[in-house]
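Mind the numbering: the sequence shown is residues 16 to 171 in this note's numbering, read in order.
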Amino acid sequence: MLKVKNKHSLDVFFVLCVFLICAMSLLGMLFIGARTQQKINHSTQENFHMRTNLLYISNKAKFFHEKDKMSVRDFNGKSALFFEEEIDGIKYVTKVYSYEGYLMELFTEKDAELGAEAGTIITENSFFEVKNIDEGLIEVRIQNSDGKESSVIISN
């Protein structure tokens, strides 16, 4: 009689061990899947910000495609894109620049003296550089928080 009871408890113990191993494997897989999903979401968001920055700037440049309407100048101690236009006889300038980790835009009258903090946030970025690379060509380089860099060359 004792042997049958011992065999029954060993069977229950074995089934519980198998159940515990399966449950721990399932939890491990869920944890790995959640971490992978977080990494994918972060990467997708970083790529979105980088593409948004570059598309915004290239579309803005297409709008100001006329000669001498777009230039690279210093603003707030850094290089910035300046887009000039005239509306109803008044000259305006749109400045696209980087300020405190954000791509910013500031639309003002040409002679207005506003600081970089007055602009509107477009998206996040960790590095933004604009430079003339050749006659009529401007290179815009952007780097995200992961260190991935991308650039676009626009025609003036």
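Positions of the beta carbon are idealized from the N, C-alpha and C atoms, including for glycine.
- Between the C-alpha atoms of V30 and T59, what's the straight-line distance to the nearest angstrom? 43 Å
- Answer yes or no: do M119 and G130 have a C-beta to C-beta separation smaller than 8 Å? Using a Cβ distance threshold of 8 Å, M119 and G130 do not count as a contacting pair.
- Cα separation between I157 and Y71? 12 Å
- Just curious, the beta strand (DSSP E) that L96 is in, first and last residue? K93 to I102
- Taking DSSP as the reference, what is the three-state secondary structure of S170? strand
- Item | Whole-angstrom distance between H80 and N147, CA atom to CA atom | Whole-angstrom Cα-Cα distance: 15 Å.
- R66 to Y114 span [Cα, whole Å]: 18 Å
- Message: Would I73 and I137 be called neighbours here (beta carbons separated by less than 8 Å)?
- Response: For the record, residue 73 in the displayed sequence is Ser; it is not Ile. Cβ atoms of S73 and I137: not closer than 8 Å.
- Message: Using the Cβ count rule (16 or more neighbours within 10 Å means buried), how would you classify M44?
- Response: exposed
- Buried versus exposed call for F175 [16 or more other C-beta atoms within 10 Å across all chains shown]: The first residue shown for the chain is 16 and the last is 171, placing residue 175 beyond what the model contains.
- Item | Straight-line Cα distance separating I36 from F28 | 12 Å
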